Amino acid sequence: TPIGAARAGRVVLSEWHYDYGRTIILDHGEGLSTLYGHASVLLVGAGDVIEAGQTIALVGCTGRCTGSHVHFEVRVNGRAVDPLSPRAIAAARDLAQESSKESRVIAKAQESPRDKAVVRKLVTRTKDTVTTVTDTLQQDRVVRRVEVILVAHGQLRIEIVREFRLVDDILKLVNERTRIWLVDDDEDEDEDEDDEEDD
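For the sequence shown, our numbering begins at 108 and goes up steadily by one.
Right, dumping it as structure tokens:
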């Protein structure tokens, strides 16, 4: 069974790694990395540049394990974070409500006198992700697209902004920015204490 890279990045480790056996660690930049452990075969080497979804290894049972599986970790500044904690799901719901009360197409036909462009916006949400796609159309054709993806995983927040432009009749990625930060648990605890004092 193939193991795919969760996100584009550079291989910083592809070898036997403690109890994880054959392991790959990908650096995604800005302090974000992912670990894939217990692989039977490693298909990439340190220094390789990897695309999102690319097969990097095969599932196995190397190191300390009792059955074939992949041990997957999301790490921020080398520290493992829980991407599926109940707190992350609740935070994602809050983020989604700020962006959109429901998944819907917001068709804003705004004509610019300069280029007669129409702007169309689509907002979708899942448990932990809010995606906003804004298309600029000219003559019923998408000439520019901006995707903003906001993900809440445990204490981790990831915002990915991608801009596409029409080049030679194809929408091509021209810019991508990723911002990653951690939500401070202490801030939430302080807010809870303030609420108790009000009672």
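Idealized CB from N, CA, C, for every residue including glycine.
Everything numeric in this text was worked out from a predicted model, so none of it was measured.
Are L273 and V250 touching if we call contact CB-CB under 8 Å?
Position 166 of the sequence shown, counting from 1, holds the residue named residue 273. Position 143 of the sequence shown, counting from 1, holds the residue named residue 250. Yes, the pair counts as a contact, with Cβ atoms nearer than the cut-off.
For D126, three-class secondary structure by DSSP
Here residue 126 refers to the residue found at position 19 of the sequence shown. Here DSSP, grouped into helix, strand and coil, assigns D126 to helix.
For L120, the three-state DSSP class (helix, strand or coil)
Taking the sequence shown and counting its residues from 1, one reaches residue 120 at position 13. Here L120 carries a strand assignment [DSSP, helix/strand/coil].
Cβ distance (whole Å) where I287 is taken to contact V148 below 8 Å:
For the purposes of this step, residue 287 is identified with residue 180 of the sequence shown, where counting begins at 1. For the purposes of this step, residue 148 is identified with residue 41 of the sequence shown, where counting begins at 1. In this structure, I287 and V148 do not form a Cβ contact; the two beta carbons are roughly 30 Å apart against a cut-off of 8 Å.
Using three-state DSSP, classify L263 as helix, strand or coil.
The residue labelled residue 263 in the question sits at position 156 within the sequence shown. L263 falls in the strand class under three-state DSSP.
Given that a residue counts as buried once 16 or more other Cβ atoms are within 10 Å of its Cβ, and exposed if not, what is Y127?
For the purposes of this step, residue 127 is taken as residue 20 along the sequence shown, with counting starting at 1. Counting the other Cβ atoms within 10 Å of the Cβ of Y127 gives 16 or more, which makes it buried.
Report the option in L244, T238, T285, V230 whose CA atom is closest to the CA atom of I267.
The count along the sequence shown starts at 1 and reaches residue 267 at position 160. With distances taken between Cα atoms, I267 lies closest to T285.
With a threshold of 16 other CB atoms inside 10 Å of the CB of A146, please say whether the residue is buried or exposed.
Here residue 146 corresponds to residue number 39 of the sequence shown, with the count starting at 1. Residue environment for A146: buried (at least 16 other C-beta atoms within 10 angstroms of its C-beta).
What does DSSP give as the partner residues of G136 in its beta bridges?
Here residue 136 is taken as the residue at index 29 of the sequence shown, counted from 1. In DSSP, G136 forms a bridge with L139.
L133 to G152, Cα distance in whole Å?
Counting from 1 along the sequence shown, the entry for residue 133 is found at position 26. Counting from 1 along the sequence shown, the entry for residue 152 is found at position 45. Roughly 10 Å between the two C-alpha positions.
Does the beta carbon of A224 fall short of 7 Å from some heavy atom of the ligand PLP?
Annotation note on the ligand PLP: not contained in the displayed structure, which lists no ligands.
Assuming V258 and T236 form a contact by the criterion Cβ under 8 Å, report the distance between their Cβ atoms to the nearest whole angstrom.
Locating residue 258 in the sequence shown gives position 151, where the first residue counts as 1. Locating residue 236 in the sequence shown gives position 129, where the first residue counts as 1. So it is a contact: roughly 5 Å between Cβ atoms.
Over the uninterrupted beta strand (DSSP E) stretch that includes D242, give me the two end residues.
Taking the sequence shown and counting its residues from 1, the one referred to as residue 242 is at position 135. Element bounds for D242: 236 to 245.
C-alpha gap between L289 and Q246, whole angstroms
Looking up residue 289 in the sequence shown gives position 182. Looking up residue 246 in the sequence shown gives position 139. Rounded to whole angstroms, L289 to Q246 spans 42 Å at the Cα level.
Output needed for T169: all residues of its chain with C-beta closer than 6 Å, excluding positions within five of it in sequence on either side, in chain order.
Translated into positions along the sequence shown, residue 169 becomes position 62. Within the same chain, and ignoring the five residues on either side of T169 in sequence, the residues whose Cβ sits closer than 6 Å to its Cβ are G128, R129, H145.
Does the beta-carbon of F179 have 16 or more other beta-carbons within 10 angstroms, so that it is buried, or is it exposed?
Against the sequence shown, residue 179 aligns to sequence position 72. Classification for F179: exposed.
Can you name the residues that DSSP bridges to N282?
What you label residue 282 is simply residue 175 of the sequence shown in a count that begins at 1. According to the DSSP secondary-structure assignment, N282 is paired through a beta bridge with E270.
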